[in-house]
Amino acid sequence: MLTHGMADGKPGLSLDDIEYSYYGNRSGSTLESKLNGSMKEMGTPEARLDIIKWVRNGAPETEWEPHFKDTFKQNCVHCHGAISGIPDFSKYEAVKKLAKIDEGASIQTLTRVSHIHLFGISFIFFFVGFIFSFAVGVPKWLKISAIVTPFAFLIVDILSWWLTKWNPNFAWLTLIGGFGYSVAATIMWFISMYQMLILSRNGKIYGNAWETDLK
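Residue numbering for the sequence shown is 550 to 764, as defined by our numbering.
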């Protein structure tokens with residue numbers, strides 16, 4: 550939501566947000582898409598329209614020094630120039646790269662975020678699933694299904710980024726993957742919290758859930 554929720558310039562997360570983020574909005578440049586989307590409120594309306602017109606005109610370098618260098622300095626460089634890992638808009642070359650047709654996330658970006666999500670979120674699901682494995686009163690088959698489900702949907706979610714980069718029609722898989730693992734993890738979390746914080750107070754001894762499941 551926070552990363553892609555304004556890619557189409559509208560609040561909330563939509564299918565267009567996902568398509569624009571991974572496949573790109575190929576009717577215009579990356580810079581224009583950002584100025585009409587997630588970066589819309591970051592500068593003055595006048596500066597935003599001025600930059601868009603310049604980009605649509607091919608972002609000529611002859612206009613950079615006398616005019617647009619100062620425009621970017623006033624509206625963009627406080628982040629794009631001070632924060633590492635994002636384009637430095639104090640330099641024309643960095644701006645020019647983003648003035649090209651918006652083709653969405655790059656292969657390098659997809660590789661990096663796929664790696665981070667596969668390992669980072671998997672650890673979260675591992676610990677949530679491990680705690681949930683001690684739940685009592687849950688059928689063994691249902692417990693196994695609930696623990697495995699988030700991992701399966703995580704793979705669907707990350708695979709959908711690469712497929713959407715190739716074809717925007719696969720954007721639906723991103724919504725399905727994210728919704729699927731969120732619901733499964735939430736159910737396990739609520740059951741675990743209920744049994745640890747509320748059910749445990751009734752004084753009843755339930756024994757070892759693992760021993761019961763292995764019988």
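Cβ atoms here follow ideal geometry from the backbone N, Cα and C, with glycine treated the same way.
Simplified DSSP state of residue 578, which is helix, strand or coil: strand
Residue from 563, 614 and 621 with nearest C-alpha to residue 580: 621
Distance between residue 553 and residue 714 (C-alpha atoms, nearest Å): 14 Å
Sub-8 Å separation of residue 653 and residue 569 beta-carbons: yes
Contiguous alpha helix (DSSP H) assignments of at least 4 residues, all confined to the region 635 to 662: 641 to 647
Residue 708 to residue 647 span [Cα, whole Å]: 25 Å
Residue 682 (DSSP reduced to helix, strand or coil): coil
Residue 562, DSSP secondary structure in three states: coil
Span of the alpha helix (DSSP H), counted from its first residue to its last, around residue 701: 689 to 715
C-alpha distance - residue 701 paired with residue 595, whole-angstrom precision: 47 Å
Collapsed DSSP secondary structure at residue 631 in the structure displayed: coil
The alpha helix (DSSP H) enclosing residue 722, as first and last residue numbers: 720 to 746
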